[in-house]
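Visitor:
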Amino acid sequence: MGVSIMEGFTKSLAMSILSEIGDHTFLVAAIMAMRHPRRIVLAGSLGSAFIMTAISVFFGWAAPNLVFSLTFFGEWGDKSQIATIGLAADENPVGVVLGAFLGQTLCTIAAVLGGKSLASRISERMVTLCGGILFVVFGIQSLLTKVENA
């Protein structure tokens, strides 16, 4: 497991931003902000994102002992949740949670403030491609990193 909070933070931040832009939670926040007060939409969206991120990090941290958790969340979660679980299994959980929280926050703010115009300018295919490439790069990096027994 990586012990650097900063390494977990930067990887999680990049992964969260690339996988959340154009995701269903991003689109829901953008649509809700068109009809409801932005502060309420932002608070509700961030509250739910923070809770799901914390749960994902917990299961990623526990994954070496609870392998079934990855299969369970693979069916339940979205790509950012699965990526967060993977990062937390290999990186410092504090850095992962902080990076994922910031990434979720930045994406949710972008969705709430300008989701409609942003969605019309960014290709969903490009976002999916970048998110997928980043996911594979982190997976390969994790495979190549020496595992140390704690």
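Heads up: the sequence shown is residues 633 to 782, going by my numbering.
Ideal Cβ positions, reconstructed from N, Cα and C, are used throughout, including at glycine.
Keep in mind that this is a model prediction, so the values were computed, not measured.
1. Can you tell me whether residue 768 is buried or exposed? The criterion is at least 16 other CB atoms within 10 Å of its CB, across all chains shown.
2. So residue 645 and residue 775 are in contact, right, with Cβ under 8 angstroms, and what is the actual spacing, rounded?
3. Near residue 670, which residues of its chain fall below 8 angstroms by C-beta distance, leaving aside the five closest residues on each side in sequence?
4. Return the CA-CA distance between residue 713 and residue 678, expressed in angstroms with no decimal places.
5. Can the beta-carbon of residue 762 be found less than 8 angstroms from the beta-carbon of residue 659?
6. Locate the alpha helix (DSSP H) running through residue 656, then write down its first and last residues.
7. Going straight from the alpha carbon of residue 772 to that of residue 643, what length do you get?
8. So, helix, strand or coil for residue 687, using DSSP?
9. From residue 682 to residue 736, what does the alpha carbon distance come to, in whole angstroms?
10. Can you tell me whether DSSP reads residue 723 as helix, strand or coil?
11. On the criterion of 16 or more Cβ atoms from any shown chain inside 10 Å, does residue 653 qualify as buried, or is it exposed?
12. Suppose contacts are defined by Cβ-Cβ distances below 8 angstroms. Is residue 657 in contact with residue 689 by that definition?
13. Let me know if residue 636 comes out buried or exposed under the rule of 16 or more other beta-carbons within 10 Å of its beta-carbon.
14. DSSP on residue 716, reduced to helix/strand/coil?
15. Do residue 729 and residue 777 have their C-beta atoms within less than 8 angstroms of each other?
Guide: Working from what's here:
1. exposed
2. Going by Cβ atoms, the distance from residue 645 to residue 775 rounds to 22 angstroms, so no, they are not a contact pair.
3. 744 and 745
4. Within the model, the alpha-carbon separation for residue 713 versus residue 678 is close to 14 angstroms.
5. no
6. That run of the alpha helix (DSSP H) goes 656–667.
7. 13 angstroms
8. In the structure shown, residue 687 sits in a helix (DSSP, three-state: H, G or I).
9. 8 angstroms
10. coil
11. Burial is judged here by how many other beta carbons sit within 10 angstroms of a residue's own beta carbon; residue 653 has at least 16 and is buried.
12. Their beta carbons are not under 8 angstroms apart, which means residue 657 does not touch residue 689 by this criterion.
13. Residue burial is scored here from C-beta neighbours: residue 636 has fewer than 16 other C-beta atoms within 10 angstroms and is therefore classed as exposed.
14. Correct three-state label for residue 716: helix.
15. no
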